[in-house]
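Step one of this worksheet: look at the structure below.
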Amino acid sequence: MALGVQVTFEAANPRRLAQFWALALDYEVEPEGPGEEGLLAAVVDPAGKGPRLLFQRVPDGRTVKNRVRIDVNASAPRPGTEQGWEQVRARAAVLTQGGATVLREVHDATGRCLVLQDPEGNEFRVR
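Residue numbers (this note's numbering): 7 to 133.
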């Protein structure tokens, strides 16, 4: 039996990051629990298949490149096609309206993608 997984992010503004990643992944923001106001925020996959993402407030700012990243697979079910690339660009446009910044386009062994930063500077890829 596989174990469930939660990915935890340190954040200056947990609620803002939770709202952004809910938009990015089509997840839902969980309601705040007692005593969590401003300290914690989480998002979950409404279908119950993907991992829970938890955002925890920390006093110090981000100082180095993140070593774990999320790849948003926006081109499915057409990766590697022009239609898939249009889906990637459309998703990136939605995410920039939500607070992301597009950094660059990458062509690597896994294909073509856009590298973005979330509102707190964490890099992720839209494929």
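A virtual CB, placed ideally from N, CA and C, is assigned to each residue, including glycine.
Hey, residue i and residue j: beta-carbon distance below 7 Å or not?
{"i": "Leu-45", "j": "Arg-63", "result": "yes"}
{"i": "Val-121", "j": "Leu-109", "result": "yes"}
{"i": "Ala-47", "j": "Ala-24", "result": "yes"}
{"i": "Arg-131", "j": "Asp-77", "result": "yes"}
Any idea if residue i is buried or exposed, counting beta-carbon neighbours within 10 angstroms, 16 or more meaning buried?
{"i": "Ala-82", "result": "exposed"}
{"i": "Val-74", "result": "exposed"}
{"i": "Gly-67", "result": "exposed"}
{"i": "Thr-126", "result": "With the sequence shown as reference, residue 126 is identified as Glu, and Thr is not the correct amino acid for it. Result: buried."}
Comparing alpha-carbon positions, which option in the options lies nearest residue i?
{"i": "Ala-30", "options": "Gln-89, Gly-39, Thr-116, Thr-107", "result": "Thr-107"}
{"i": "Pro-65", "options": "Lys-71, Cys-119, Glu-16", "result": "Glu-16"}
{"i": "Asn-19", "options": "Gly-54, Thr-87, Leu-60", "result": "Leu-60"}
If we cut at 7 Å on Cβ distances, does residue i have a partner in chain D?
{"i": "Asn-19", "result": "In the structure shown, chain D does not exist; there is a single protein chain."}
Hey, which unbroken runs of the beta strand (DSSP E) at 3 residues or more fall wholly within the segment 23 to 51?
Fully enclosed beta strand (DSSP E) runs of 3 or longer: 46 to 50.
Tell me whether the segment 37 to 52 and the segment 89 to 105 touch, counting them as touching only if at least three CB pairs, one residue from each stretch, are closer than 8 Å.
Note that the segment 37 to 52 does not touch the segment 89 to 105; fewer than 3 beta-carbon pairs, one per stretch, sit closer than 8 Å.
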